[in-house]
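Contents: one structure, followed by commentary.
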Amino acid sequence: MDILETIVTSGPGRVVTKQLGLKDPPVLRRGRIMPAGTIALSTTGASTLVKDALAQLNISTGEAVHDLADNRRKDDKGREQAPKYSSAPGALVIDASDLTKLDDLELVRQVLRPVMRGLEKSGRVIVVGPHPANAADSEARATAEALDGIVRTVGKELTGGSTANLIRVRPETRPEDLLSTLSFLISGRSAFVDGQTWEVGTGAEGTATTATSDKPFDGRIVAVTGAARGIGAAIAKTFAEAGATVVVIDLAMAGDSLAQVAVDLGGSALQLDITAEDAAERITRHITKTHGEDAKLYAIVHNAGITRDKMLANLDEKKWQQVIDINLKAEMAINEALLSQNLPGGFGNEGRIVGIASTSGIAGNKGQTNYAASKAGVIGYTDALSFELAETGITANAVAPGFIETEMTGAIPYVSREIFRRVNSLSQGGQPKDVAETIAYLCDPASGAVNGQTIRVCGQNLVGK
96 MDILETIVTS
106 GPGRVVTKQL
116 GLKDPPVLRR
126 GRIMPAGTIA
136 LSTTGASTLV
146 KDALAQLNIS
156 TGEAVHDLAD
166 NRRKDDKGRE
176 QAPKYSSAPG
186 ALVIDASDLT
196 KLDDLELVRQ
206 VLRPVMRGLE
216 KSGRVIVVGP
226 HPANAADSEA
236 RATAEALDGI
246 VRTVGKELTG
256 GSTANLIRVR
266 PETRPEDLLS
276 TLSFLISGRS
286 AFVDGQTWEV
296 GTGAEGTATT
306 ATSDKPFDGR
316 IVAVTGAARG
326 IGAAIAKTFA
336 EAGATVVVID
346 LAMAGDSLAQ
356 VAVDLGGSAL
366 QLDITAEDAA
376 ERITRHITKT
386 HGEDAKLYAI
396 VHNAGITRDK
406 MLANLDEKKW
416 QQVIDINLKA
426 EMAINEALLS
436 QNLPGGFGNE
446 GRIVGIASTS
456 GIAGNKGQTN
466 YAASKAGVIG
476 YTDALSFELA
486 ETGITANAVA
496 PGFIETEMTG
506 AIPYVSREIF
516 RRVNSLSQGG
526 QPKDVAETIA
536 YLCDPASGAV
546 NGQTIRVCGQ
556 NLVGK
């Protein structure tokens, strides 16, 4: 802790910072905790997609309050106020999946206004809308895109740790395809995912059975690279808590820490340089040797990565190539070997691949040209790979963390660190667990309908989309 941080976090310092408008950030609801209040459901048309999905999740719903002239009240100064719920709802879920007309966006406004100041703390606004690519005409396309603008703005206006997200669905999307996504978003597992939009398509039949399970990875092996500490260790722990057998991977120099993580989680450790030509073979060989000849890899999380920050004017080819090789090329090479070779211990009939991008890869970051290139590359590669895997039962997705509270970010000078923490809609840094929970959602056997997506775990950082 530096001198400035010591002063600011002292009793008198906290008084001064509050007077300057630097309030304590809200405490976020995390983990598998569900909202205390009612889940309000609104449908803009005839669709029963969301209603049926929530019913399959055994989530009871209440009717949403509509902001209509007859429902409004006046305050003591005669100003019209939005109607209120009798008690604060825990979430508002809007099924706008069949919305095609701009005028019908009014139906969305009607149910959003009452919750903007009415949600419980750490509440949720979830909008399920049509995918723009399936729009029948220009108005339908404009309407679908308008939902994105609405949700991103709602995320910035909500307070108390509440979040807003948009899920785009295809005409063929079924209620069971939505189960894991709705469960994730309503629960505390999505605490630091805010103002985001991603797609849910269709998954294989019969894979949604784990959507309500707290042990969805029972009997499944998950490999996590860069797992000796920080976010990687948190990812491994989250999978282990959800029933997975974890293979934690890191460099030999991190051997002691890596071994301890494996022991703590009841998994196994593999010391490995992921840039080695035989990296994939060594991973699968370790799986069959340690976990049985018939053991198969279910998921791999490519968490390992480095930074070599320099202004581009001072960035030489060595620092450039190191970052590209470790952050992107190693992931691609390992995936190619796992997917193209019939390796004992490799993927079976199902599988999950998750890469780690970054908000730097979306918006760029001064002094990080090499890092931004590698992370933007992860996003593009993930999208392309998802098409190659479309008929295989294996999905490829990525997460893009923003400012996450780790040992590394803890070393940033206090003023800079406080700025980085607060430039998002939740006014705080995320926790490694937030990244881990999002990855676990993407890897859930029930998430087969989520493919080729990059989800930001950034509290709706102000940079990028």
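In my numbering, the protein residues as written are 96 to 560.
Ideal placement from N, C-alpha and C gives every residue a C-beta, glycine not left out.
Point to revise | Host alpha helix (DSSP H) of Glu300 (start-end) | key: No alpha helix (DSSP H) holds Glu300; DSSP gives it neither H nor E.
Check your understanding: What number of angstroms, rounded off, separates the C-alpha of Gly400 from the C-alpha of Thr504?
Key -> 15 Å
Review point. With DSSP run on the structure shown, which of helix, strand or coil describes Gln463?
Key: strand
Exercise for review: Compute the distance between the beta-carbons of Ala531 and Arg447, then report whether it is under 8 Å.
Suggested key: no
Check your understanding: Tyr509 lies in the alpha helix (DSSP H); which residues open and close that run?
Key -> 509 to 517
**Study point:** Boundaries of the beta strand (DSSP E) in which Arg551 is found, first to last residue
**Key:** 549 to 552
Check your understanding: In terms of alpha-carbon separation, which member of Thr307, Leu136, Thr464, Gln463 lies closest to Leu152?
Key -> Thr307
Practice item. Compute the Euclidean distance between the alpha carbons of Ala177 and Thr276, then round it to the nearest angstrom. Key: 30 Å
Practice item. Pull up the distance between the alpha-carbon of Asn398 and that of Ile330, whole angstroms please. Key: 9 Å
Review point. Going by C-alpha distance, which of Ala235, Thr304, Gly255, Asp243 is nearest Arg212?
Key: Gly255
**Study point:** Chain-order list of residues whose beta-carbon lies under 6 Å from that of Ala432 (same chain, five-residue window excluded)
**Key:** Ala375
Exercise for review: For Pro496, write down the residues that DSSP places opposite it in a beta bridge.
Suggested key: Val552
**Study point:** Nonlocal neighbours in the same chain, by C-beta distance under 7 Å from Gly338, ignoring five residues either side
**Key:** Lys310, Pro311, Phe312, Asp313
Review point. What first and last residue would you give for the alpha helix (DSSP H) that runs through Ile245?
Key: 233 to 252
**Study point:** DSSP-derived helix/strand/coil call for Thr104
**Key:** Because the pLDDT at Thr104 is just 48, under 50, the model does not fix this residue reliably, and the point stays unresolved.
**Study point:** Inter-residue Cα distance where the pair is Arg247 and Glu412
**Key:** 39 Å
Review point. What is the residue span of the beta strand (DSSP E) that Glu294 lies within?
Key: 291 to 295
Check your understanding: How would you call Phe482, buried or exposed, if buried means at least 16 neighbouring beta carbons within 10 angstroms?
Key -> exposed
Review point. Just reading off the alpha helix (DSSP H) that Ile419 is part of, what are its end residues?
Key: 412 to 419
Check your understanding: In whole angstroms, what separates the C-alpha of Phe442 from that of Gln355?
Key -> 27 Å
Review point. Exposed or buried, what is Gly84 when buried is set at 16 or more other beta-carbons lying within 10 Å of its beta-carbon?
Key: Beyond the ends of the chain as shown, which are 96 and 560, falls residue 84; an answer cannot be given.
Point to revise | Of the listed residues Gln366, Ser455, Val122, nearest to Ala318 (C-alpha basis) | key: Gln366
Point to revise | Counterpart residues of Asp345 in DSSP-defined beta bridges | key: Gln366
Practice item. With distances taken Cα to Cα, identify the nearest neighbour of Ala259 among Gly525, Ser217, Ala408, Leu537. Key: Ser217
Check your understanding: What's the gap between the Cα of Phe515 and the Cα of Pro527?
Key -> 16 Å
Exercise for review: Determine which residues share a DSSP beta bridge with Phe442 and list them.
Suggested key: Leu392
Check your understanding: By DSSP, does Arg284 sit in helix, in strand, or in coil?
Key -> helix
Check your understanding: With Pro439 and Thr379 assumed to form a contact (beta carbons below 8 Å), what rounded beta-carbon distance in angstroms separates them?
Key -> 6 Å
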